[in-house]
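In my numbering, the protein residues as written are 526 to 937. The beta-carbon is built from N, C-alpha and C at its ideal position, and this holds for glycine as well.
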C-alpha cells in the first residue's frame, strides 16, 4: 500500500523548513519587486493603486506553499527524480529562448526541445519521460494556482486595440515562490534498508529511472528540498478577470494531464517518446496562440455603457471595495440621483452624506448597497476609459513569436 500520509507528512515538514532558507527569501524578494513594479505602473496610469503589496506577498507565499505541496506530492507518486532531469541542459536552453521572446522562458519549450534532441540524437543524456512528467506536473500546479487566485493579481489597464479604440482591460499577473521536495535516487548495497525508510509498493515508481545498478545494489530515494518559482501572465479584454482565469486554468490543466499521460506511456513504449516530446512545446504554443487570439478578437467587455458608468476596478480600502463592487458593474444611481455619465457621479458624490445608497446593475439585475463614506468622500472606483485618455498600453496580437524574431533578424 502506498504510504500516502507518511509521504504527505514528509513533504509538509520539508516545505515549512524551506521557508526559513535564504534561497526562499531571495525568491520572495524578486516576487515583491514584481508586484511593486505592477503597482507603480498602475499608479502611473490611474493615479491610484487597487491592492496592497503586503497582501499580495502574503497570498503569494501562502498559495506557493499549497502549490509546492501539491506538486511535490504528484512528483513523488510518479517517482520523478533529480538524477536524469537534465536541469543543467534545460536552463541554458530556457535562457536562450528567453532572448527570442520572454514568454519562451518556460520548461514546456526548453524541456520539450531537450527531450526531442535526446530522442533524435541520443544527446543530452536525460530521462525523457521524467523530463516531460516534470513539465506536466509543474503546469498542473500552475493551473491550480491560477484557478484559486480569483482577482488576486488582476491589475486594470487602459489598452489601445489594433483598430485604435481605447478600452478597459486587466493585466493578469501572478508570481509564486514554489518550495518543492524532490527525490534523488541513491544506489546502496543490497540487504536491510536503513532505519526510517518508507517501504513503497511494487508498482512504484510509475516512471522509473533508467540508470543502471551494479550487481548486488538497490535503489533508495532521498528527499531534496528545492525552491523554485512559478509565474502567470495573461490579459483580459473580452472577458472578466475571473472568467479569463478559469478558462486559462482549465485549458492549461487539460494540456498538462494529456502531457503527463504521454510521459507515462513513453516510459513503456519507445515509439511514444517523440510524440510526447513534440507535444510539450507545440501543445503549449497552440494553447497560448488559440486563447490569445480568441480573447483579442472578442468584443471588448469594459467599454462605456449606453447609460450609467461602468466600473473597471475598485481601490483597496475604500467604500466601493467594502460594498463589493466588481469589474463590469454599472452604477446607475447614488442616493436617489440618476447617474448617466461620469460627471453625474462626480456631482452626486459632492452632495453625498456620510451614508448613502448606491444603485448598480450586475448581469442585467439591479442591486442596491449602502455606502459609508470616509471623511475624504472618495468612492474608490476606477471607471472604464471614455476614449480620450493620454496614458495607455498598446497591444498587438503576436502570432508566431519565433518566426517573427527570425524575420526581424534576417529579413529585409
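- In the DSSP annotation of this structure, the continuous segment of the alpha helix (DSSP H) that includes residue 553 starts and ends at 547–571.
- Straight across, the Cα-Cα distance linking residue 797 with residue 641 is about 12 Å.
- In this structure, residue 732 sits near residue 792, with a CB-CB distance shorter than 9 Å.
- Here residue 603 has 658, 730, 731 and 732 as same chain residues with Cβ atoms under 7 Å from its own Cβ, once five neighbours each way along the sequence are excluded.
- In terms of CA proximity to residue 673, 592 leads the group 736, 592, 745 and 841.
- A direct Cα-to-Cα measurement between residue 537 and residue 842 gives close to 34 Å.
- Here residue 577 is exposed, its C-beta having fewer than 16 other C-beta atoms within 10 Å.
- Bridge partners of residue 748 according to DSSP: 708.
- In the structure shown, residue 847 adopts helical secondary structure according to DSSP, grouped into three states.
- By the Cβ neighbour-count rule, residue 861 is exposed, with fewer than 16 other Cβ atoms within 10 Å of its own.
- Here residue 699 is buried, its C-beta having at least 16 other C-beta atoms within 10 Å.
- Shortest Cα-Cα distance from residue 530 to any of 719, 718, 723 and 563 involves 723.
- Inclusion of residue 630 and residue 755 in the CB contact set at 9 Å is not warranted, their separation being larger than that value.
- Following the DSSP letters along the chain, one finds residue 780 inside the alpha helix (DSSP H) bounded by residues 766–791.
- Under the three-state reduction of DSSP output, residue 592 falls in the helix class.
- Looking at the DSSP output, residue 753 sits in a beta bridge with 703.
- C-alpha of residue 627 to C-alpha of residue 825: approximately 26 Å in a straight line.
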